[in-house]
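Encoded as structure tokens, the structure appears first; notes follow it.
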Amino acid sequence: MDASSTNFATGSSSRSFSFKVVLLGEGCVGKTSVVLRYVEDRFNDKHVTTLQASFLQKRINIAGRRIQLAIWDTAGQERFHALGPIYYRDANGAILVYDITDKDSFEKVKTWVKELKKMLGNDICLSIAGNKTDLESQRTVSTEEAENYAALVGAKHYHTSAKLNHNIEELFLDLSERMVSISEGQQRKPTTRRNVVVVENSDTSASVPESNKTGCCG
Ligand code: G3D
Ligand code: MG
1 MDASSTNFAT
11 GSSSRSFSFK
21 VVLLGEGCVG
31 KTSVVLRYVE
41 DRFNDKHVTT
51 LQASFLQKRI
61 NIAGRRIQLA
71 IWDTAGQERF
81 HALGPIYYRD
91 ANGAILVYDI
101 TDKDSFEKVK
111 TWVKELKKML
121 GNDICLSIAG
131 NKTDLESQRT
141 VSTEEAENYA
151 ALVGAKHYHT
161 SAKLNHNIEE
171 LFLDLSERMV
181 SISEGQQRKP
191 TTRRNVVVVE
201 NSDTSASVPE
211 SNKTGCCG
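Each residue of the sequence shown is one higher than the last, beginning at 1 in the working numbering.
Printed below as a string of structure tokens:
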């Protein structure tokens, strides 16, 4: 399913947005944990994944705007270097996760940034998450280096701990705000508008269930 084309109804005169967000990064850095913490507020539960990839949905409101996030998590293909463009195709935002105790995982973030910029240009909003801050004493990636790199490539950098629920909400909120800004900018220039679905009507019946749900990309 192309998550970014999900359509849903809005209430009153508010505007609605539907965004696809992908999680990228080396295996074991905590991608699944970050998503599960954000969407379901759980940690270290066994997550049922599909053969391909799965996404969880989350609805939020920002300043009167209703936003539906389809947050895509891998099924572990990154461990076999088998994560192809079909996964991040049409994404409005990407969260590149590394483990602050694992320097290689930070280098992998750089590889993903290059790949995304090459394939999707500058339209995609990027966030970089240095995860596992509860393991600060084992840190091998310096904060300065990570933040400088993020600034260089136009990404926002967050330090997170899925375990302690630190900065997870802030990470997604900031990304959502930036995706809305880009989308609203694009609406003023219709010719450059990409894959964001914006619905503006007065129908209050929602075509997508309020509850979070999983799905597979098929
Ligand atoms: P992935 O989806 O990137 O492969 P996972 O990563 O979410 O499966 O997490 C990999 C391991 O890191 C898991 O431990 C998980 O509990 C742990 N982890 C995730 N986030 C954090 C965090 O913020 N702090 C700490 N200390 N650990 C974290 P296991 O033991 O199940 O392999
Ligand atoms: Mg995972």
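Where is the CB? At the ideal position from N, CA and C, for every residue including glycine.
Annotation: the continuous alpha helix (DSSP H) that includes residue 148 extends over 143–152.
No Cβ-Cβ contact shorter than 8 Å links residue 171 with residue 126.
Per DSSP, the continuous alpha helix (DSSP H) segment holding residue 37 begins and ends at 31–40. Proximity of the beta carbon of residue 141 to the ligand G3D is not indicated: no heavy atom of the ligand is located closer than 7 Å.
Bounds of any alpha helix (DSSP H) do not take in residue 83, whose DSSP letter is neither H nor E. In this structure, the ligand MG has a non-hydrogen atom nearer than 7 Å to the beta-carbon of residue 31. Under the DSSP definition of a beta bridge, residue 112 lacks any partner. The beta carbon of residue 62 sits closer than 8 Å to those of 173, 176, 177, 180, all from its chain and outside the five residues before and after it, given in chain order. Taking 7 Å as the cut-off, the C-beta of residue 161 counts as close to a heavy atom of the ligand G3D. Inter-segment contact for the stretch 34–46 and the stretch 102–110 is absent: fewer than three beta-carbon pairs are separated by less than 8 Å. Here DSSP, grouped into helix, strand and coil, assigns residue 178 to helix. Looking at the backbone, the Cα of residue 20 and that of residue 158 are separated by about 20 Å.
Comparing C-alpha distances from residue 27 to each of 69, 118, 43, 79 shows the shortest one belongs to 79. Contact between residue 33 and residue 43 holds, with the beta-carbon distance rounding to 6 Å and staying under 8 Å. In the three-state reduction of the DSSP assignment, residue 71 falls in the strand class. With respect to the 8 Å criterion, residue 124 and residue 92 are classified as neighbours on the basis of their beta carbons. Taking the Cα positions, residue 24 is about 7 Å away from residue 31.
By the criterion of at least three beta-carbon pairs nearer than 8 Å, the stretch 83–91 is not in contact with the stretch 129–147. Bounds of any beta strand (DSSP E) do not take in residue 100, whose DSSP letter is neither H nor E. Bridge pairing for residue 128: 96, 157 [DSSP]. About 5 Å separates the beta carbon of residue 128 from that of residue 150, a gap short enough to meet the 8 Å contact definition.
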